[in-house]
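**Student:** First residue of the sequence shown: 20, per my numbering; consecutive thereafter.
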Amino acid sequence: MYKISFSLLFVGLLGCTQAQPPSDIERIVTTLAADDMEGREAGTPGAKKAADFIAEEFRKAGLSYFDNLSTFQQPFQLIENKVTIEALQINDQPSQYKEIFIVANTPTIKVDRLEAVRTLRISAQDNFSQRFNTFKDTTGQWVVLVDPVHHATFKKYRTFFQRTQTSLGDSSTSRALVFLLEKAPIKTLQVTATNTLKKRNLQNVVGLLEGKSKPKDFIIFSAHYDHIGIQSQAVNGDRIANGADDDASGTTAVIALAKHYAQTKENECTLVFVAFTAEEIGGYGSQYFAQQVNPEKVITMLNFEMIGKLATFGQKSAFLTGFSMSNLGELLQKNLEGHDFQLHPDPYPNQNLFYRSDNATLARLGVPAHTLSTAPIDEDPYYHTVDDEVNTLDITNMTTVIEAIPIAIKSIVKGQEAPTRLPSE
Ligand SMILES: [Zn+2]
């Protein structure tokens, strides 16, 4: 799959002791995890530098642009907002702020007269969260009067919405929902609040190899390239969380697979290679991506998370999260029969890994989307620390993991079979 370069062969034949040049896999993972990427925190210059590097690798591989993009970078905005209530009067009396919370994307929120705003209700017989969810696409300014039987739930929501809220940017519609606990009938109301809004410009990196006979059937290979950035506390003088395993290793797999398939052209289905951003802060990159693709077109998604360490099963092995949720794992295992590589079900079911990475967004939409990993997550001392560095990785083993993928997924890439779908939520 990966050709031995002539220079390497030559060195081998001469029995020379000269150090071997780094493999492409070693070069890519080392570049992504280098200090000058500053831990690749979403929205920082370090992450942009990583995105530019990945895009250049996609260009060198010969991938095409995804969808209607004119670049490998898929930009989107993340909005952070925090509402501060300045004043509240109910029935002409100053009122306690514990009776109110506001969900808004407008810079200011002002209610002078209750008659002038539209009202909604969460009544005593309503299921609070179900009713709340029906407001999620509501636009404009509303007051939502909440029956006091819901006071305990109201308090939980208030605590949540007092914090900074992060959401995918959609500045085309403005909304301000003022939730009030209606302890006594509310006749008059004055509310003044301000909203601090911060916008972050982020980018996924996406490239595509069109399928020969089934171009409308998508297979996604993905990983997140963002990590947790520069830490406030130095450890032995180091503040950069390089994220070599998490998830420069998985991103390296995506790039290496793009190069492999661009060379072999063995794909009958269309292959989409995605490096997601903002996984570490809530999976926003994959959420945005999922909005740009019809999930019914996606045959499967194989996401890579932390493949740089030896799995608990030993060398030449990996595990798949949510193994029994579709038959993707069984299909991969079947294709690996007779080969020197083993795929296992996730050995850490209590860690909830299936829902802790970017596969989960598309999985919720019915796509058999799973994460492949080797992480000894229960005992990895470097996880989310400044010591997640390239020198802790087993690049030889990581290479065997990456090289096993085209074998394992061959029948699906060739369009001969497809994994069972998940129930969509
Ligand atoms: Zn990760």
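Cβ atoms here follow ideal geometry from the backbone N, Cα and C, with glycine treated the same way.
(1) Secondary structure at M320, three-state DSSP: helix, strand or coil?
(2) Under a three-way DSSP split, which group does N286 fall into?
(3) What alpha helix (DSSP H) runs, 4 residues minimum, are completely inside the stretch 43-94?
(4) Using the C-alpha atoms, what's the distance from Q39 back to Y244?
(5) Whole angstroms is fine: what's the gap from I421's alpha carbon to T103's?
(6) Under a three-way DSSP split, which group does S305 fall into?
(7) Alpha carbons only, please: which of A203, T213, L187 and S191 is nearest the one belonging to V197?
(8) Is the distance from the Cβ of I426 to the Cβ of I318 below 8 Å?
(9) Please confirm whether any heavy atom of ligand 1 lies closer than 7 Å to the CB of E324.
(10) Is the number of C-beta pairs between the stretch 223-243 and the stretch 98-112 that are closer than 8 Å three or more?
(11) Could you tell me which residues DSSP puts in a beta bridge with H446?
(12) Taking 7 Å as the cut-off, is the CB of S251 close to at least one heavy atom of ligand 1?
(13) Taking all protein chains shown into account, do 16 or more other C-beta atoms lie within 10 angstroms of the C-beta of A263, making it buried, or fewer, making it exposed?
(14) Apart from the five residues just before and just after P387, which ones in its own chain have a Cβ nearer than 7 Å to its Cβ?
(15) Measuring CB to CB, does D257 end up less than 8 Å from M325?
(16) Would DSSP call D266 helix, strand or coil?
(17) Are T418 and A337 touching if we call contact CB-CB under 8 Å?
(18) Look up L199 in the DSSP assignment and give the residues it is bridged to.
(19) Spatial neighbours of P128 within its chain, please: C-beta separation below 8 Å, excluding the five flanking residues on both sides.
(20) Specify the secondary structure class of V432 as computed by DSSP and reduced to three states.
(21) Report whether the distance from the Cβ of H389 to the nearest heavy atom of ligand 1 is below 7 Å.
(22) Write down the C-beta distance between A277 and A80 rounded to the nearest angstrom, noting that I regard them as a contact closer than 8 Å.
(23) So A379 is in the alpha helix (DSSP H); what residue range does that whole segment cover?
(24) Comparing alpha-carbon positions, which option in P314, F332 and T340 lies nearest F323?
(25) Under 8 Å Cβ to Cβ from K235, same chain only, skipping five residues before and after it: list those, please.
(26) To which residues of the same chain is T157 closer than 7 Å at the C-beta, ignoring the five residues directly before and after it?
(27) Mapping DSSP to helix, strand and coil, what is I274?
(28) Which word fits R59, buried or exposed, when buried means at least 16 other C-beta atoms lie within 10 angstroms of its C-beta?
(29) I want to check one thing, is the minimum distance from the CB of H170 to the heavy atoms of ligand 1 below 7 Å?
(30) Taking the continuous alpha helix (DSSP H) assigned at S148, which residues delimit it?
(31) Of all the options L139, R140 and T404, which has the alpha carbon lying nearest to the alpha carbon of H246?
(32) Where does M20 fall in DSSP's three states?
(33) From T271 to L329, what distance separates their C-alpha atoms?
(34) How would you label G269, buried or exposed, when you count the other beta carbons within 10 angstroms and need 16 or more for buried?
(35) Please report the distance separating the alpha-carbon of P314 from that of S114.
(36) Expressed to the nearest angstrom, what Euclidean distance is found between the alpha-carbon atoms of I274 and T49?
**Tutor:** Taking the geometry as given:
(1) To locate residue 320, count along the sequence shown from 1; it is residue 301. Strand, per DSSP.
(2) Here residue 286 corresponds to residue number 267 of the sequence shown, with the count starting at 1. Coil.
(3) 43-51 and 64-80
(4) Along the sequence shown, one-based indexing puts residue 244 at 225. Along the sequence shown, one-based indexing puts residue 39 at 20. The alpha-carbon atoms of Y244 and Q39 are separated by roughly 27 Å.
(5) By one-based count along the sequence shown, residue 421 stands at place 402. By one-based count along the sequence shown, residue 103 stands at place 84. Distance between the alpha carbons of I421 and T103: 49 Å.
(6) Residue 305 sits at position 286 when you count from the first residue of the sequence shown. The answer is helix: DSSP assigns S305 an H, G or I state.
(7) Position 178 of the sequence shown, counting from 1, holds the residue named residue 197. V197 has its Cα closest to that of T213, out of A203, T213, L187 and S191.
(8) For this step, residue 426 is matched to residue 407 along the sequence shown. For this step, residue 318 is matched to residue 299 along the sequence shown. No; because the gap between Cβ atoms is not below 8 Å, this pair is not in contact.
(9) Reading the sequence shown from its first residue, position 305 is the one you call residue 324. Within the cutoff, so yes.
(10) no
(11) No answer is possible for residue 446: the residues shown for the chain start at 20 and end at 444.
(12) Against the sequence shown, residue 251 aligns to sequence position 232. Checking every heavy atom of ligand 1 against the Cβ of S251, none is found closer than 7 Å.
(13) In the sequence shown, residue 263 corresponds to position 244, counting from 1. Under this definition A263 is a buried residue.
(14) By 1-based counting over the sequence shown, the position of residue 387 is 368. Same-chain partners within the cutoff: T319, S345, L347, P438, T439, R440 and L441.
(15) Along the sequence shown, read from residue 1 onward, the residue named residue 257 stands at position 238. Along the sequence shown, read from residue 1 onward, the residue named residue 325 stands at position 306. Taking 8 Å as the Cβ cut-off, D257 and M325 do not qualify as a contacting pair.
(16) Locating residue 266 in the sequence shown gives position 247, counting from the first residue. DSSP places D266 in helix when its eight states are reduced to three.
(17) Your numbering for residue 418 matches position 399 in the sequence shown. Your numbering for residue 337 matches position 318 in the sequence shown. Contact: no.
(18) On the sequence shown, position 180 is the one that residue 199 refers to. For L199, which the question treats as bridged, DSSP gives the partners I119 and L164.
(19) Start at 1 with the first residue of the sequence shown, and residue 128 comes out as number 109. This sequence places Ile at residue 128; Pro is not what is there. Closer than 8 Å at the Cβ level, and outside the excluded window around I128, lie V102, I121, Q160, A195, V197, V210, T211, A212, T213 and N214.
(20) On the sequence shown, position 413 is the one that residue 432 refers to. Reduced to three states, the DSSP call for V432 is helix.
(21) In the sequence shown, counting from the first residue as 1, residue 389 sits at position 370. No, since every heavy atom of ligand 1 falls outside the 7 Å radius drawn around the Cβ of H389.
(22) If you number the sequence shown from 1, residue 277 lands on position 258. If you number the sequence shown from 1, residue 80 lands on position 61. Indeed they touch by this definition, with Cβ atoms about 5 Å apart.
(23) Start at 1 with the first residue of the sequence shown, and residue 379 comes out as number 360. Unbroken alpha helix (DSSP H) run through A379: N378 to R383.
(24) As a working note, residue 323 is residue 304 in the sequence shown. Residue T340 is the option with its Cα nearest to F323.
(25) In the sequence shown, the residue the question calls residue 235 occupies position 216. T289 and K316, listed in sequence order.
(26) The residue you call residue 157 lines up with position 138 of the sequence shown. Same-chain partners within the cutoff: R194 and L196.
(27) Within the sequence shown, the letter at position 255 stands for residue 274. Reduced to three states, the DSSP call for I274 is helix.
(28) Along the sequence shown, one-based indexing puts residue 59 at 40. By the 10 Å Cβ count, R59 comes out buried.
(29) Numbered from 1 along the sequence shown, position 151 holds the residue referred to as residue 170. H170 Cβ: outside cutoff for every heavy atom of ligand 1.
(30) As a working mapping, residue 148 is identified with position 129 in the sequence shown. F147 to N152 is the span of the alpha helix (DSSP H), which, as asked, contains S148.
(31) Here residue 246 corresponds to residue number 227 of the sequence shown, with the count starting at 1. Here the closest residue by C-alpha is T404.
(32) In the sequence shown, the residue the question calls residue 20 occupies position 1. Only weak support exists for where M20 lies, its pLDDT of 26 falling under 50; the coordinates are left without a value.
(33) One-based indexing of the sequence shown puts residue 271 at position 252. One-based indexing of the sequence shown puts residue 329 at position 310. Distance between the alpha carbons of T271 and L329 is about 16 Å.
(34) For the purposes of this step, residue 269 is identified with residue 250 of the sequence shown, where counting begins at 1. Classification of G269: buried, given that the 10 Å Cβ count is 16 or more.
(35) In the sequence shown, residue 314 corresponds to position 295, counting from 1. In the sequence shown, residue 114 corresponds to position 95, counting from 1. The alpha-carbon atoms of P314 and S114 are separated by roughly 48 Å.
(36) As a working note, residue 274 is residue 255 in the sequence shown. As a working note, residue 49 is residue 30 in the sequence shown. Computed Cα separation, rounded: 13 Å.
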